[in-house]
Every structure is written in C-alpha cells, then in structure tokens.
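J.: Encoded as structure tokens, here's the structure I'll be asking about.
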Amino acid sequence: MVKWLTTARDLKRRKSRERNGRFVAEGVRTVEELLRSPLTIEAALFTERASLDIRAGMAIRAIEARGVPLELVSDADFGSAADTEHSQGILVIARQPRRQLDELSVAASLRLLVLDAIQDPGNVGVLIRTAAGLGAHAVVALPGTVDLWNAKVVRSAVGAHFGFPALEATVDEAMAFLDRHAVPLWGTDAAGASVETVTPPARLALAVGNEGAGLSASLRERCSTVVSLPMSSAVESYNVSVAAALTLYALR
Numbered sequence: 005m006v007k008w009l010t011t012a013r014d015l016k017r018r019k020s021r022e023r024n025g026r027f028v029a030e031g032v033r034t035v036e037e038l039l040r041s042p043l044t045i046e047a048a049l050f051t052e053r054a055s056l057d058i059r060a061g062m063a064i065r066a067i068e069a070r071g072v073p074l075e076l077v078s079d080a081d082f083g084s085a086a087d088t089e090h091s092q093g094i095l096v097i098a099r100q101p102r103r104q105l106d107e108l109s110v111a112a113s114l115r116l117l118v119l120d121a122i123q124d125p126g127n128v129g130v131l132i133r134t135a136a137g138l139g140a141h142a143v144v145a146l147p148g149t150v151d152l153w154n155a156k157v158v159r160s161a162v163g164a165h166f167g168f169p170a171l172e173a174t175v176d177e178a179m180a181f182l183d184r185h186a187v188p189l190w191g192t193d194a195a196g197a198s199v200e201t202v203t204p205p206a207r208l209a210l211a212v213g214n215e216g217a218g219l220s221a222s223l224r225e226r227c228s229t230v231v232s233l234p235m236s237s238a239v240e241s242y243n244v245s246v247a248a249a250l251t252l253y254a255l256r
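If you read the sequence shown in the working numbering, its first letter stands for residue 5, the second for the next number, and so on.
Shown next, in the form of structure tokens:
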C-alpha cells in the first residue's frame, strides 16, 4: 500500500520525474483527459471522499477496469502527495511520452511555439493548451523553462499535452532543426514590428520570452523578425500566455 504513495510524493521533485520518466496528474478533469489519451497510467491514489463523488467515482472505476493499481489513502496522506491545497482526492501516476524534436512531422505549413525560459508553471500549461487550441504543431521548451511535467503545468494544460507534442530541446538542437527544415524563427517584443503589418511564412516558429526579462539576447539575435502587439499606453505589457495567444492567432 505504501509503494505508490511514496512514488507520488517523490514525483513532486523534477529530478525524480526526469529519472523515472513519470508524472502526476491531479484532479478529476485532468484524470478524465488522461483516461482518454494514449498515455500509460501506472497507478492511482484516491480518498474516500473522492470515491463518493459521482465524477471522481466514475474515473476511479474506469481506472480499476484497466487493472491499474489503486490505493485508497487518508486525506492527510493524499495531501502529502498532492500539489494543490484543496484537492479533489484523486491523482494518477503515468508515464511521460518520449518525444524528440527530430520526430516531428514537417509539412508545407507549420507552426511551432518556442518557450524561452518561461518559469511560471501556470503560464507554461496555458501556453501548451493555447498552442494546441490554435492549431500549432508543437511546443518546444528551451533551457530555463519550467519542467513540462510539473504538476501545475499538467493541471493548467488540462491534459492538452497528453496527445499534443510538447517537448524540450537545447537552443542548438532547436536551431539545427529549424535550419534543416527551412523554418524561420520569429520573436515577440514590444519594440518589434506590428504583427498587423507582417505577412507570416507558411512555416514559422514563434518564440516567446521570460515573464520578466523577455527574449534572451542570444535567442533574439537568431530571430529573423521580431513582432509586437498593439497595446494601449495605459498598459505596460501583456501576460506571456495572452501575448502568445494573440500573436499566434494573428499569424495563423
């Protein structure tokens, strides 16, 4: 009974997630999305309270029907493994998909969203979900970006990257891929050309930068074009996930 509770606690650490190739998905809606995905569920933890809830109970029974190990734990034990303060009493441990940049299919039309040192997991989750929703083909996270399988990222993405390609790469790996497939890299910055005045190419990688510092100087130098969004003087800046959504939509 202790095995999976201990594992879930351990997976709160990035090094453990990277070493074991696992992640934790918490909350009824996220678990429901995971059940609909091709990813492998290895185990689940739930509380008595969750078993009495209609939706959570249905998810628990669906997991049980797959022959996946289930552990009923106390609220206190669940709280020690959960990432949220007010949890819904259900979480699952699943295998991370092994996704590589070179495995991406490159068509005549391509949109990639590149994350340059985005540190807030909530933003990263929303960025992944936004990219998937707006028809991008993948999200590429560069060094300095929060772990894509951080529990808050998973929760904020609400299952978007269970089937959508979100992967990590070094700057050199990303640039080599873009160069090999003739995909120009564009950046976002308040000092760039208005997104309303540019014509995007069929293939495009759009880079968004750190919440406070923006694009790193080294990545900005590699951008062939830098674009900006129209903005009232009453506002200093947009949230990075909002800026990415507006820019991706404008460049669709």
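The C-beta atom is built at its ideal place from N, Cα and C for all residues, glycine as well. Owing to the predicted nature of the structure, the values given are computational and were not obtained by experimental measurement.
(1) Quick check on Phe-82: does DSSP put it in helix, strand or coil?
(2) With burial defined as no fewer than 16 other Cβ atoms inside 10 Å of the residue's Cβ, what is the status of Asp-124: buried or exposed?
(3) Could you check what DSSP says for Trp-153 in three-state terms: helix, strand or coil?
(4) Specify the secondary structure class of Gly-196 as computed by DSSP and reduced to three states.
(5) Does the Cβ of His-2 have 16 or more other Cβ atoms within 10 Å, making it buried, or fewer, making it exposed?
(6) Got a sec? Which residues, its chain only, sit under 7 Å from Val-246 by beta carbon, not counting five neighbours each side?
(7) Take the Cβ of Gly-196 as the centre, count every other Cβ of all protein chains shown within 10 Å, and call the residue buried at 16 or more, exposed below.
(8) Near Phe-166, which residues of its chain fall below 7 Å by C-beta distance, leaving aside the five closest residues on each side in sequence?
(9) Quick check for students: name the residue ranges of the alpha helix (DSSP H) that lie wholly in the stretch 127-192, counting only runs of 4 or more.
(10) For Gln-92, count neighbouring Cβ atoms within 10 angstroms of its own Cβ and tell me buried if that reaches 16, exposed if not.
(11) Counting only the same chain and skipping the five closest in sequence on each side, list residues whose C-beta sits under 8 Å from that of Tyr-242.
(12) Inspect the beta-carbon positions of Val-32 and Ala-60 and report whether they are closer than 8 Å.
(13) Near Thr-51, what residues of its chain come up, given a Cβ to Cβ distance below 6 Å and the 5 sequence neighbours on each side ignored?
(14) Should the stretch 148-167 be regarded as contacting the stretch 181-199, the criterion being three or more beta carbon pairs within less than 8 Å?
(15) For Glu-225, count the other beta carbons within 10 Å of its own beta carbon; 16 or more makes it buried, fewer makes it exposed. Which is it?
(16) DSSP on Ser-228, reduced to helix/strand/coil?
(17) Pick helix, strand or coil for Arg-3, following the three-state DSSP scheme.
(18) By how many angstroms is the C-alpha of Gly-137 removed from the C-alpha of Leu-252?
(19) Which residue's Cα is closest to the Cα of Val-110: Ile-67, Glu-172, Thr-134 and Leu-208?
(20) According to the Cβ coordinates, are Ser-160 and Gly-139 closer than 8 Å?
(21) Run the CB neighbour count on Thr-11, radius 10 Å, all protein chains shown included, and call it buried at 16 or more, exposed below.
(22) Among Glu-177, Gly-191 and Arg-17, which residue has its Cα nearest to the Cα of Leu-108?
(23) Report yes if the CB atom of Val-77 is closer than 8 Å to the CB atom of Leu-105, and no otherwise.
(24) If we call anything under 8 Å between Cβ atoms a contact, is Ile-97 one with Ala-63?
(25) Can you tell me which of the three DSSP states Leu-250 falls into?
(26) Let me confirm a value: Ala-69 is counted as buried when at least 16 other C-beta atoms fall within 10 Å, else exposed. Which label applies?
T.: According to the structure data:
(1) Looking at Phe-82 - three-state DSSP - the assignment turns out to be helix.
(2) buried
(3) The answer is coil: DSSP assigns Trp-153 none of H, G, I, E or B.
(4) Strand, per DSSP.
(5) Summary: the structure shown does not reach residue 2, with the chain confined to residues 5 through 256, and so no result is reported for it.
(6) none
(7) By the 10 Å Cβ count, Gly-196 comes out buried.
(8) Glu-37, Leu-38, Ser-41 and Leu-43
(9) 155-161 and 175-184
(10) buried
(11) Leu-233, Met-235 and Leu-250
(12) yes
(13) Answer for Thr-51: Asp-79, Phe-82 and Gly-93, listed in chain order.
(14) no
(15) exposed
(16) coil
(17) Nothing in the structure corresponds to residue 3, since the chain is present only between 5 and 256.
(18) The straight-line gap from Cα to Cα measures roughly 10 Å.
(19) Leu-208
(20) no
(21) buried
(22) Sorting Glu-177, Gly-191 and Arg-17 by C-alpha distance to the C-alpha of Leu-108 places Glu-177 at the top.
(23) no
(24) no
(25) helix
(26) exposed
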